[in-house]
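Asker: Numbering (the numbering used here), first residue to last: -7 to 214.
Virtual Cβ for every residue (Gly too), placed ideally from N, Cα, C.
Only a predicted model underlies this, so the values are computations on that prediction, with no experimental measurement involved.
Okay, handing you the structure first.
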Amino acid sequence: MYKELIFNFEKKINQYRKEGKKIFATSSFQSHSLPMLHIISKIDNTIPVYYTNTGFLFPQTLQFKDAVAKDFNLNIIGLEPPTPKVFQTDENGLFLFASDPDYCCYLNKIQPLEPILAENDIWINGIRADQSETRKNMKEEQPAPFNTLRYHPMLHWTSKMIYQYIHDNNLPAHPLEKEGYISIGCEPCTTKFFDEGNERNARWFGMNKTECGLHTELVSKK
-7 MYKELIFNFE KKINQYRKEG KKIFATSSFQ SHSLPMLHII SKIDNTIPVY
43 YTNTGFLFPQ TLQFKDAVAK DFNLNIIGLE PPTPKVFQTD ENGLFLFASD
93 PDYCCYLNKI QPLEPILAEN DIWINGIRAD QSETRKNMKE EQPAPFNTLR
143 YHPMLHWTSK MIYQYIHDNN LPAHPLEKEG YISIGCEPCT TKFFDEGNER
193 NARWFGMNKT ECGLHTELVS KK
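Next comes the structure, spelled out in structure tokens:
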């Protein structure tokens, strides 16, 4: 079901390497993130995998990340936001995730990743077309800022294929999944709510927001 997609993934990585491209990947370390990471570990485990350590992640996510790094023998690197938390509050002293979540995401997700984009040529990330309307309109390769090319090897994988791969390869699950969490991000902005039509609705529930900006802002507008 997914073997041809894995073959194409490896072929593309080899092509980028032959072209002398500098490659990196990003991950949020959810259960559905693991197939991409597992495949990368088999193709080339020297590819650095970055995650944005926002300071608001679930402790279980950080523990899961450490376990995955060890089990898959991956080079996983945390990115810290340049803006201290003391400067991430509004005029009422509330954290921005409550009053201005878009700006909070900019400070904690987008800003930390921009220098990595500037230093590399290819950005591998695991978005899927079946996750949301925004992602449905993405392409397998898309230009990103700083003359970087986004590569989406999992774009045409379905949720069923993801969990079939997890089952076939006996991959672990994020510990919060058994508690009903499907799409897991920062703790203040994640709920157990799940809409069959859009798993991203479990994020920023009630805020008319389903994206942190990595896949809306860090796409070239050309």
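1) Excluding the five sequence neighbours on either side, which residues of its own chain have a C-beta within less than 7 Å of the C-beta of Phe(-1), listed in chain order?
2) Tell me whether Ser23 is buried or exposed, calling it buried when 16 or more other Cβ atoms sit within 10 Å of its Cβ.
3) Output the distance between the C-alpha atoms of Thr102 and His207, rounded to the nearest integer angstrom.
4) At 3 residues or longer, and completely inside the segment 5 to 87: list those beta strand (DSSP E) runs for me, N to C.
5) With distances taken Cα to Cα, identify the nearest neighbour of Glu209 among Pro145, Ser175, Tyr155 and Leu99.
6) Would you mind working out which of Lys34, Trp115, Leu163 and Phe87 sits nearest Phe21, comparing C-alpha positions?
7) Measuring alpha carbon to alpha carbon, tell me which of Ser25, Asn45 and Glu125 ends up nearest Gly265.
8) Can you tell me which residues form a DSSP beta bridge with Leu141?
9) Grab me the residues of Leu29's own chain with a C-beta within less than 7 Å of its C-beta, minus the 5 sequence neighbours each way, in chain order.
10) I think Arg127 touches Gln134, with their Cβ atoms under 8 Å apart; what is that distance to the nearest whole Å?
11) Using CA atoms only, rank isn't needed, just tell me which of His166, Lys3, Gln52 and Gly47 is closest to Phe89.
12) With distance defined between alpha-carbon atoms, name the residue in Ile114, Leu71, Glu2 and Pro76 nearest to Val211.
13) Report all residues from its chain with a CB closer than 6 Å to the CB of Glu179; omit the five preceding and five following residues, and keep chain order.
14) Quick one: residues in its chain with C-beta nearer than 7 Å to the C-beta of Asn161, no 5 flanking neighbours on either side, listed in chain order?
15) Roughly how many whole angstroms lie between the Cα atoms of Glu111 and Pro167?
16) From what residue to what residue does the alpha helix (DSSP H) around Arg127 run?
17) Using 8 Å as the threshold, is the C-beta distance between Leu109 and Thr150 below it?
18) Can you give me the Cβ contacts of Tyr8 inside the same chain, cut-off strictly under 6 Å, excluding the 5 residues immediately before and after it?
19) Restricting to Cα atoms, I'd like to know which of Lys10, Cys96 and Glu106 is closest to Gln80.
20) Quick check: what's the CA-CA separation for Tyr(-6) versus Thr38?
21) For Ser91, tell me which candidate among Cys181, Ile5 and Ile32 has the shortest Cα-Cα distance.
22) Between the Cα of Ala136 and those of Ile116, Met146, Ile154 and Pro145, spot the shortest distance and give me the residue it belongs to.
Answerer: Let's see:
1) One-based indexing of the sequence shown puts residue -1 at position 7. So no residue of the chain qualifies.
2) Position 31 of the sequence shown, counted from the first residue, corresponds to residue 23. Looking at its Cβ environment, which holds 16 or more other Cβ atoms inside 10 Å, Ser23 is buried.
3) Position 110 of the sequence shown, counting from 1, holds the residue named residue 102. Position 215 of the sequence shown, counting from 1, holds the residue named residue 207. At residue 102 the sequence reads Ile, which differs from the Thr that was named. Cα to Cα, Ile102 sits roughly 10 Å from His207.
4) 15 to 18, 41 to 44 and 68 to 71
5) Along the sequence shown, one-based indexing puts residue 209 at 217. Here the closest residue by C-alpha is Leu99.
6) Here residue 21 is taken as the residue at index 29 of the sequence shown, counted from 1. It is Leu163.
7) An answer regarding residue 265 cannot be provided, because it is not within the stretch -7 to 214 covered by the chain.
8) Working through the sequence shown from its first residue, we reach residue 141 at position 149. DSSP, once it has assigned bridges, lists Ile114 and Pro135 as partnering Leu141.
9) Taking the sequence shown and counting its residues from 1, one reaches residue 29 at position 37. Counting only Cβ-Cβ distances below 7 Å, and skipping sequence neighbours, we find Ser19, Val41, Val60, Phe64 and Leu66.
10) Working through the sequence shown from its first residue, we reach residue 127 at position 135. Working through the sequence shown from its first residue, we reach residue 134 at position 142. Contact doesn't hold; Cβ gap of about 11 Å is too wide.
11) Numbered from 1 along the sequence shown, position 97 holds the residue referred to as residue 89. Residue Gly47 is the option with its Cα nearest to Phe89.
12) On the sequence shown, position 219 is the one that residue 211 refers to. It is Ile114.
13) Indexing the sequence shown from 1 puts residue 179 at position 187. Phe48 and Phe50.
14) As a working note, residue 161 is residue 169 in the sequence shown. His30.
15) Reading the sequence shown from its first residue, position 119 is the one you call residue 111. Reading the sequence shown from its first residue, position 175 is the one you call residue 167. For Glu111 and Pro167, the distance between alpha carbons rounds to 33 Å.
16) Translated into positions along the sequence shown, residue 127 becomes position 135. From DSSP, the alpha helix (DSSP H) with Arg127 extends over Glu125 to Lys128.
17) For the purposes of this step, residue 109 is taken as the residue at position 117 of the sequence shown. For the purposes of this step, residue 150 is taken as the residue at position 158 of the sequence shown. No; because the gap between Cβ atoms is not below 8 Å, this pair is not in contact.
18) For the purposes of this step, residue 8 is taken as the residue at position 16 of the sequence shown. The residues are Ile15 and Ile114.
19) In the sequence shown, residue 80 corresponds to position 88, counting from 1. Checked all of Lys10, Cys96 and Glu106; the closest Cα to Gln80 is Cys96.
20) If you number the sequence shown from 1, residue -6 lands on position 2. If you number the sequence shown from 1, residue 38 lands on position 46. Approximately 23 Å between the Cα atoms of the pair.
21) Here residue 91 is taken as the residue at index 99 of the sequence shown, counted from 1. Out of Cys181, Ile5 and Ile32, Cys181 has the C-alpha closest to the C-alpha of Ser91.
22) Here the question's residue 136 lines up with position 144 in the sequence shown. It is Ile116.
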